[in-house]
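Chemist:
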Amino acid sequence: MTDTSTAPLVRYDVRDRFAVLTFDSPHNRNALSARLVADLLRGLDDAAADPAVRGIVLTHTGNTFCAGADLSEAGDTDPAVAADQRTRTMIGVLRRLVEIPKPVIAQIDGNVRAGGMGIVAGCDIVVAGPGSSFALTEVRIGLAPFMISLTLLPRLEPRAAARYYLTGEKFGAAEAERIGLVTVTAEDPAAEVARLCAELRKGAPQGLAEAKRLVNAPILAEFDRSAEELAQRSASFFGTPEVREGMTAFLQRRPPTWAE
Numbered sequence: 000m001t002d003t004s005t006a007p008l009v010r011y012d013v014r015d016r017f018a019v020l021t022f023d024s025p026h027n028r029n030a031l032s033a034r035l036v037a038d039l040l041r042g043l044d045d046a047a048a049d050p051a052v053r054g055i056v057l058t059h060t061g062n063t064f065c066a067g068a069d070l071s072e073a074g075d076t077d078p079a080v081a082a083d084q085r086t087r088t089m090i091g092v093l094r095r096l097v098e099i100p101k102p103v104i105a106q107i108d109g110n111v112r113a114g115g116m117g118i119v120a121g122c123d124i125v126v127a128g129p130g131s132s133f134a135l136t137e138v139r140i141g142l143a144p145f146m147i148s149l150t151l152l153p154r155l156e157p158r159a160a161a162r163y164y165l166t167g168e169k170f171g172a173a174e175a176e177r178i179g180l181v182t183v184t185a186e187d188p189a190a191e192v193a194r195l196c197a198e199l200r201k202g203a204p205q206g207l208a209e210a211k212r213l214v215n216a217p218i219l220a221e222f223d224r225s226a227e228e229l230a231q232r233s234a235s236f237f238g239t240p241e242v243r244e245g246m247t248a249f250l251q252r253r254p255p256t257w258a259e
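Every letter in the sequence shown is one number past the one before it in numbering that gives the first Met the number 0, and letter 74, counting from 1, is 73.
#1: Rounding to the nearest angstrom, what Cα-Cα distance links alanine 48 and arginine 95 in this structure?
#2: Could you tell me the alpha carbon to alpha carbon distance between valine 52 and aspartate 187, rounded to whole angstroms?
#3: CB glycine 117 to CB leucine 155, shorter than 7 Å?
#4: Which parts of the stretch 4–28 are runs of the beta strand (DSSP E), unbroken and 3 residues or longer, counting only runs that do not cross its ends?
#5: At a cut-off of 6 Å, would you count threonine 21 as near the ligand FAD, judging by its Cβ distance to the nearest heavy atom?
#6: Closer than 6 Å by C-beta to methionine 0: which residues in its own chain qualify, once you throw out the five before and the five after it? Chain order, please.
#7: Run through DSSP, which three-state label would methionine 0 get?
#8: Using the Cα positions of tryptophan 257 and glycine 114, report the straight-line distance between them to the nearest angstrom.
#9: Return the chain-ordered list of same chain residues with a C-beta closer than 6 Å to the C-beta of asparagine 215, the five sequence neighbours on each side being excluded.
#10: In terms of residue numbering, what span does the alpha helix (DSSP H) encompassing isoleucine 218 cover?
#11: Less than 7 Å between the beta carbons of isoleucine 55 and alanine 18, yes or no?
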């Protein structure tokens, strides 16, 4: 029997010359715990270093791709220190997705929330199935989508970004495709991803790397301009009364005091 306390939370396999990284942390709906993030970064580094790997697929077990930050870890250390660590780690993950010199495909057929949205937007191609739903829920716990804006805002249609940043409401795969978060919807996401991987294998590795660099240059330039400011703004919100109440309410599964 596998020891779940030491089993990787991101499984790593190579299939048909693509590294498949599978989020497998069902106890917290694939939330971005410190362990999961470390496993994800390790998997990305392994894929980048393997010359036999032509690209990367990010996918998931269960009905949730990623639930966002693991708020249960928020009280483990000093709130300001913990917030700063989480913020900078998240920026590192997003930047790694954008700058890794191999195409990254997200294969989704489940829920995506908050920080998970930034990961999706950091991928080069996103395929979403009928079981997918998306939401930017930060405002409902007293926050805003600070760091993940680095990948989200370049992808999203501006009016849609304003709507979903402000309301926190859920939307489905078809709407995600319409507003630019998702590349294509598919009844069978795995089959569509397999088709796209076959197309990508026709490209030369250096051509793929340079094509990705060209497409993502403006996003990386925005990281250079704004990441530090966004990190400071994000960290400054943790420990405020509204965020303390929002996070407590979330963990207690009740509405926060301001919700009507």
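C-beta atoms are modelled at their ideal positions from N, C-alpha and C, and glycine is treated no differently. Keep in mind that this is a model prediction, so the values were computed, not measured.
Modeler: By the coordinates alone:
#1: Whole-angstrom Cα-Cα distance: 13 Å.
#2: The alpha-carbon atoms of valine 52 and aspartate 187 are separated by roughly 24 Å.
#3: 7 Å or more divides the Cβ of glycine 117 from the Cβ of leucine 155.
#4: DSSP runs (the beta strand (DSSP E)) wholly in the stretch 4–28: 9–14, 17–22.
#5: In the structure shown, the ligand FAD is absent, as is every other ligand, since no ligand is present at all.
#6: For methionine 0, the pLDDT reaches just 43, beneath the cut-off of 50, and the residue's location in the model is therefore unreliable, although a value from the coordinates is still provided. Closer than 6 Å at the Cβ level, and outside the excluded window around methionine 0, lies no residue.
#7: Confidence at methionine 0 is low in this model, with a pLDDT of 43, below 50, so the placement of that residue is unreliable and no value is reported for it.
#8: Straight-line Cα distance between these residues: approximately 23 Å.
#9: These residues qualify, in order along the chain: Val97.
#10: Residues 204–236.
#11: Yes; because the gap between Cβ atoms is below 7 Å, this pair is in contact.
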